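What follows is a single structure, written as structure tokens, with notes after it.
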Amino acid sequence: MERLFIVLLLFTGIWGCRNYHYIDKKMSWQDAQSYCRERHSDLATISNSRDNNIALKSKTNSAENYVWIGLNNNNTQGAWRWSEDSSNASFYNWNKGEPNVNSDCVEMRRDGRWYDVKCHHKLPFICNGKKHRRYHYIDKKMTWQDAQSYCRERHSDLATISNSRDNNRTLKSQTNSAENNVWIGLNNNNTQGAWRWSEDSRDTSFYNWNKGEPRGDGNCVELRPDGFWNDVGCYHKLPFICHEPTIYHYIDDKVTWKDAQSYCREHYYDLATISNMADNNIAFKSQTNSAENDVWIGLIKNQGAWRWSDSSVASFYNWNKDELNGDRKSLHNDCVEMIKDGRWNGVNCNYEQPFVCLRSL
Numbered sequence: 002m003e004r005l006f007i008v009l010l011l012f013t014g015i016w017g018c019r020n021y022h023y024i025d026k027k028m029s030w031q032d033a034q035s036y037c038r039e040r041h042s043d044l045a046t047i048s049n050s051r052d053n054n055i056a057l058k059s060k061t062n063s064a065e066n067y068v069w070i071g072l073n074n075n076n077t078q079g080a081w082r083w084s085e086d087s088s089n090a091s092f093y094n095w096n097k098g099e100p101n102v103n104s105d106c107v108e109m110r111r112d113g114r115w116y117d118v119k120c121h122h123k124l125p126f127i128c129n130g131k132k133h134r135r136y137h138y139i140d141k142k143m144t145w146q147d148a149q150s151y152c153r154e155r156h157s158d159l160a161t162i163s164n165s166r167d168n169n170r171t172l173k174s175q176t177n178s179a180e181n182n183v184w185i186g187l188n189n190n191n192t193q194g195a196w197r198w199s200e201d202s203r204d205t206s207f208y209n210w211n212k213g214e215p216r217g218d219g220n221c222v223e224l225r226p227d228g229f230w231n232d233v234g235c236y237h238k239l240p241f242i243c244h245e246p247t248i249y250h251y252i253d254d255k256v257t258w259k260d261a262q263s264y265c266r267e268h269y270y271d272l273a274t275i276s277n278m279a280d281n282n283i284a285f286k287s288q289t290n291s292a293e294n295d296v297w298i299g300l301i302k303n304q305g306a307w308r309w310s311d312s313s314v315a316s317f318y319n320w321n322k323d324e325l326n327g328d329r330k331s332l333h334n335d336c337v338e339m340i341k342d343g344r345w346n347g348v349n350c351n352y353e354q355p356f357v358c359l360r361s362l
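In this note's numbering, the protein residues as written are 2 to 362.
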């Protein structure tokens with residue numbers, strides 16, 4: 002079984018997202034490396050104490066004491082390097098007396114400390130995850146509103162940029178173009194005058210304004226070739242960037258929430274994470290041809306907080322009326338179903354019903 006743990010980190014002024022998958026299969030270090038590279042990204046790279054804590058938490062429900070991480074000295078220089086890119090490690094969390102120079106691979110133990118051990122031992126392991134938004138550069142010059150309509154008709158919406166990595170990916174999506182500026186989805190075409198994304202009209206918490214911006218020149222936002230943003234008039238005609246929709250798969254098998262989670266992690270990515278109303282509508286439509294009314298989604302109550310199966314804290318909810326008022330099941334049940342109108346109920350995790358998986362982007 003695989004478990005994903007995602008957290009948003011803030012460090013040195015740059016936003017990044019470190020994803021880990023705990024793999025509950027016992028393999029040698031080399032086989033674990035091959036598994037991670039084939040199905041995810043690579044064995045876990047741990048760059049600082051925050052990463053170490055996140056990796057450790059990815060296996061908190063497991064009884065296993067030891068797991069492989071990507072650190073090794075399987076190289077001619079005998080240096081401790083990460084599997085991911087063969088970079089020399091600059092952060093270590095060795096236990097006292099480690100490394101003892103007898104072994105070439107590294108395990109993390111339950112207390113988060115590291116030990117060098119023989120690579121042939123068979124242990125569970127932690128992979129780096131890979132999940133990010135996909136962008137498409139459209140080499141057609143349109144107004145912001147026409148670009149929005151184009152993206153919604155053929156893709157999902159104008160680009161939402163949630164962090165610096167997303168910002169870099171939007172740039173890379175149009176590197177072969179000579180165009181200087183492109184539309185993204187940020188705008189303040191609303192009565193509150195707040196900067197919001199086209200996708201779901203939520204306020205943004207990440208900005209990458211050019212110096213002196215926004216200057217009040219317009220209600221729409223262009224991305225420059227250096228990655229910074231300007232506010233400009235929406236009537237200008239520019240190329241633009243769309244993003245792909247979140248992809249969900251409806252599974253017409255009746256199983257418990259836990260079994261649904263295991264199936265999604267084995268065959269797709271995870272049980273459905275729903276971050277906004279647009280995602281909710283897509284997840285709902287994924288099962289509209291079924292006569293089933295209720296399906297599992299990835300929301301679960303964990304230590305009193307509603308979290309997604311990937312361990313991220315929920316910030317969007319679509320509770321059924323009674324659930325919203327706290328009158329019914331969500332107070333006493335830890336798993337969440339989507340019902341026939343797209344709203345959510347808290348239910349017993351041992352119920353058996355169909356479910357919706359999230360596909361890796």
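Note that the Cβ used here is the ideal one computed from N, Cα and C, for glycine as well. None of these values were measured; they are calculated from a predicted model.
According to the DSSP secondary-structure assignment, Gln-354 is paired through a beta bridge with Val-256.
Rounded to the nearest whole angstrom, the C-alpha separation of Thr-161 and Lys-259 is 32 Å. Bridge pairing for Phe-126: Ile-24, Trp-69 [DSSP]. In this structure Thr-257 touches Glu-353 by the C-beta definition: roughly 6 Å separates them, less than 8 Å. DSSP links Asn-231 through a beta bridge to Glu-223. In the structure shown, Ala-148 falls within a helical segment according to DSSP collapsed to helix, strand and coil. DSSP places Trp-307 inside the beta strand (DSSP E), whose first and last residues are 306-308. Bounds of the alpha helix (DSSP H) holding Trp-30 are 30-40. Cys-243 sits away from Leu-172, with the two beta carbons spaced by 8 Å or more. Residues Asp-335 of the same chain have their beta carbon placed closer than 7 Å to that of Lys-302, with the five preceding and five following residues left out of the count.
Cβ atoms of Ala-279 and Ile-298 stay farther apart than 8 Å, at about 15 Å. Counting along the chain, Ile-283 sits inside the alpha helix (DSSP H) bounded by residues 278-286. For Leu-359, the pairing in a beta bridge is given by DSSP as Tyr-249, Asp-271. Three or more Cβ pairs closer than 8 Å define a contact, and the stretch 305-321 falls short of that threshold against the stretch 236-251. Cα atoms of Asn-231 and Thr-144: separation of roughly 15 Å, rounded to the nearest angstrom.
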